[in-house]
Amino acid sequence: VNRSWRAVKRYLGWFNPIRQFRFLFELFSHKVLRWFSMVILIAMFVANILVVALSGHPFYAVTLAGMLLTVGLALYGASLDGKNRPIPKLVYLPYYFFLVNYAALLGIWDETRGVRHAVWNHVRDS
2 VNRSWRAVKR YLGWFNPIRQ FRFLFELFSH KVLRWFSMVI LIAMFVANIL VVALSGHPFY
62 AVTLAGMLLT VGLALYGASL DGKNRPIPKL VYLPYYFFLV NYAALLGIWD ETRGVRHAVW
122 NHVRDS
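Following my numbering, the numbering of the sequence shown begins with 2 at its first residue and continues without gaps.
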């Protein structure tokens, strides 16, 4: 994500939004939004808390409970990781989802700070 985000920032000015609208739309919807999923999830979580606090509607309380349950399962999965115990699928899926999105957020954060990650060549057996 670090290198890809750097490339998007570097070459985005080369594209004409009118002539290459479809390409830019696909780039934004398939890549950029996915990289910023954690930011969007955090904003949704905060907005959900505010809506529950201000409206008190039961529907929003249920959605907040679902979010808290998912985050709780992910945190439980993080606590099981590396302890030589199998992680149940119900726990593993939320854990993996948050882990991947958190890693993408860290990659973007590193790029904004100018951190570059080394790339290596794999040694192939011949």
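The beta carbon of each residue, even a glycine, is placed where N, CA and C say it ideally should be.
Sequence-distant Cβ neighbours of Thr-71 in its own chain, meaning closer than 6 Å and more than five residues away, are Pro-95. The shortest CA-to-CA distance from Val-47 to any of Met-68, Gly-115, Leu-34, Lys-84 is the one to Met-68. Here the alpha carbon of Gln-21 sits roughly 11 Å from the alpha carbon of Leu-28. Leaving aside the five residues that flank Thr-64 on each side, the residues in its chain whose CB is nearer than 7 Å to its CB run, in chain order, Asn-49.
For Ile-109, the enclosing alpha helix (DSSP H) has its first and last residue at 90-113. The count of Cβ pairs closer than 8 Å, one atom from the segment 74-94 and one from the segment 32-47, stays below three, leaving the stretches out of contact. Ala-105 counts as buried, since at least 16 other C-beta atoms from the protein chains shown sit within 10 angstroms of its C-beta. Distances from the alpha-carbon of Leu-34 to those of Val-116, Asn-102, Thr-113 put Asn-102 closest. Secondary structure at Arg-35: helix, using DSSP grouped into helix, strand and coil. In the assembly as shown, Phe-26 is an exposed residue. Its beta-carbon has fewer than 16 other beta-carbons within 10 Å. Arg-23: member of the alpha helix (DSSP H) spanning 22-28, first to last residue.
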